[in-house]
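In what follows, a structure is listed as structure tokens, so that the remarks can point back to it.
Protein chains in written order, with our numbering: chain R, 32 to 203; chain P, 145 to 416.
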């Protein structure tokens, strides 16, 4: 049985965007703060800190979760993916590029969380309806875009990925 | 908006978790998905001295058919239940209610038993448990007991779970032969807390309506098969009996209206 005493910093080792990282955290440190302040991954934003706004959403072992409702010590030995891991060098990934094309962001505060949710969502739902995308987005607050360009961007990526899959198996 | 200090313990077995509860009592809290508890810690509405994390405990991470029940272990997430094969055949009411629960990012971590433990009066899973008459299995270091919803839910965020006990499992009755089920919820947007949530079960000789979001706990009422004026009167009596109150989200009058109108709709739907 592992025990982490309060008021003491404990080593937490995880795989962050494919790289092994270790940092020190008290039991009460939230994953959102650990990512930003200890590991320097400031792309993950902190909004409401009670799970409502979605800005802090990251992928934990592939699943989109709220990093403000996760403790840093809970990710020991696990895989965490954040917005920093999406682009390959200077090349935006397809979701990021579609968000840019569709003006699916303005101030950008909510965007990192939405992209991490969308990445998990599209891995589960290859061809989502507009209604399904809007339901997924109900877990995020965006005060700039009115959501519609975000819906367009996500559905465009789903369609493009589906075309690529069909091409690969020789159906096109 | 940061939690106060606590020790964090990761027991390997349910017995170890129960031993910690026996040792620390009300100073300890079980952490499963944390989707309610961590928000309360962040807001310092709860300040336990010890957090006992069962979220990665393999022995409690299961959903399986056990006799005439679907048994759901304390570490099983709401997403896992939603993805359970043929859930709509086995426990139709759970399948109908799950899409209204919060957002998929929250269901990915939030547990089924955690929602029952939190006992928010507007939450969907306590309503499903109450409507189906499922059981809550509580275990301490020395004893294990099964409670029915009437004995388990005690009020807003209040349950019969003692300080040295934890929920290890909930048990939902499988679909009854010839029974029909329906669910409706009104919330200000998809996934928000319910202003009113309604679950109906229709069997050959009886109707059942369960309502969440109005009283301090899910409330169930049973009638013989009624229709027309008799049903309208029964729904009106039920709506008033729930003791709705005005709050920032809706008036008591509006909640009673929803119980009368949507109550009639879900009961009809369950009979089809």
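Ideal placement from N, C-alpha and C gives every residue a C-beta, glycine not left out. All of these numbers come straight from a predicted model, not from anything done at the bench.
- Message: Short of 8 Å in beta carbon distance, which residues of its chain neighbour residue 81 of chain R, apart from the five on each side in sequence? Order them along the chain.
- Response: 99 and 100
- Message: I'd like the span of the beta strand (DSSP E) that includes residue 340 of chain P, first residue to last.
- Response: 340-346
- Query: Is it the case that the Cβ atoms of residue 113 of chain P and residue 405 of chain P are separated by a distance below 9 Å?
  - Reply: Chain P is shown only over 145 to 416; residue 113 of chain P falls outside these bounds and no answer can be derived.
- Could you name each continuous beta strand (DSSP E) segment of 3 residues or more that falls completely within the region 202-256 of chain P, going from the start of the chain to the end? 207-210 and 213-217
- In the structure shown, what three-state DSSP assignment does residue 93 of chain R receive? coil
- Delimiting residues of the alpha helix (DSSP H) encompassing residue 320 of chain P: Neither: residue 320 of chain P is in no alpha helix (DSSP H) and is coded neither H nor E.
- Query: What residues match up with residue 75 of chain R in a beta bridge as DSSP calls it?
  - Reply: According to DSSP, which records beta bridges pairwise, residue 75 of chain R is partnered with nothing at all.
- Give the straight-line distance between the Cα atoms of residue 255 of chain P and residue 201 of chain R, rounded to the nearest whole angstrom. 42 Å
- Query: chain P beta carbons: is any one of them nearer than 9 Å to that of residue 40 of chain R?
  - Reply: no
- Would you kindly work out how many angstroms separate the C-alpha atoms of residue 202 of chain P and residue 219 of chain P, rounded to a whole number? 8 Å
- Unbroken alpha helix (DSSP H) runs of length 4 or more, entirely within the region 127-160 of chain R: which are they? 142-155
- Task: Return the chain-ordered list of same chain residues with a C-beta closer than 8 Å to the C-beta of residue 370 of chain P, the five sequence neighbours on each side being excluded.
- Result: 351 and 378
- Per DSSP, which residues does residue 152 of chain P bridge with? Please list them. R/35 and P/195
- Item | Contacts that residue 328 of chain P makes with chain R (C-beta to C-beta distance below 7 Å) | Result: empty, since nearest Cβ-Cβ is about 17 Å, beyond 7 Å.
- Message: Please list, in chain order, the residues of the region 156-180 of chain P that have any C-beta partner in chain R closer than 7 Å.
- Response: 156, 160, 178 and 179
- Could you give the residue range of the alpha helix (DSSP H) that holds residue 372 of chain P? 372-385
- Output the boundary residues of the alpha helix (DSSP H) element that contains residue 112 of chain R. Where residue 112 of chain R is concerned, there is no enclosing alpha helix (DSSP H), although the beta strand (DSSP E) it sits in stretches over 110-112.
- Count the other CB atoms within 10 Å of the CB of residue 209 of chain P; is the residue buried (16 or more) or exposed (fewer)? exposed
- Sequence-distant residues of its chain with Cβ nearer than 8 Å to residue 161 of chain P (five each side left out): 155, 174, 196, 198, 201 and 310
- Query: What is the DSSP secondary structure of residue 83 of chain R, reduced to helix, strand or coil?
  - Reply: coil
- Query: Alpha carbon to alpha carbon, how far is residue 143 of chain R from residue 137 of chain R?
  - Reply: 12 Å
- Message: Here's the rule: buried if 16 or more other CB atoms are within 10 angstroms of the residue's CB, otherwise exposed. What is residue 262 of chain P?
- Response: buried
- Message: To be precise: take each residue of the region 332-359 of chain P, compare its Cβ to all Cβ atoms of chain R, and keep it if any distance is under 9 Å. Which residues remain?
- Response: 333, 334, 335 and 336
- Give me the Cα-Cα distance between residue 121 of chain R and residue 90 of chain R, rounded to the nearest whole angstrom. 22 Å
- Task: Could you pull out every residue in the same chain whose Cβ sits closer than 7 Å to the Cβ of residue 228 of chain P, ignoring the five residues on either side in sequence?
- Result: 207
- Please confirm if residue 68 of chain R has its CB atom under 9 Å from at least one CB of chain P. no
- Item | Proximal residues, the region 89-103 of chain R versus chain P, C-beta separation under 9 Å | 91, 94, 95, 96, 97, 99, 100, 101 and 102
- Query: Out of P/284, P/381, P/222 and P/321, which has the shortest C-alpha to C-alpha gap to residue 157 of chain P?
  - Reply: P/284
- CA-CA distance, residue 171 of chain R and residue 97 of chain R? 11 Å
- Cβ atoms of residue 151 of chain R and residue 95 of chain R: under 9 Å apart, would you say? yes
- So, is the C-beta of residue 195 of chain P closer than 9 Å to a C-beta in chain R? yes
- Query: From P/241, P/278, P/232 and P/390, pick the residue whose C-alpha is nearest to that of residue 359 of chain P; which is it?
  - Reply: P/390
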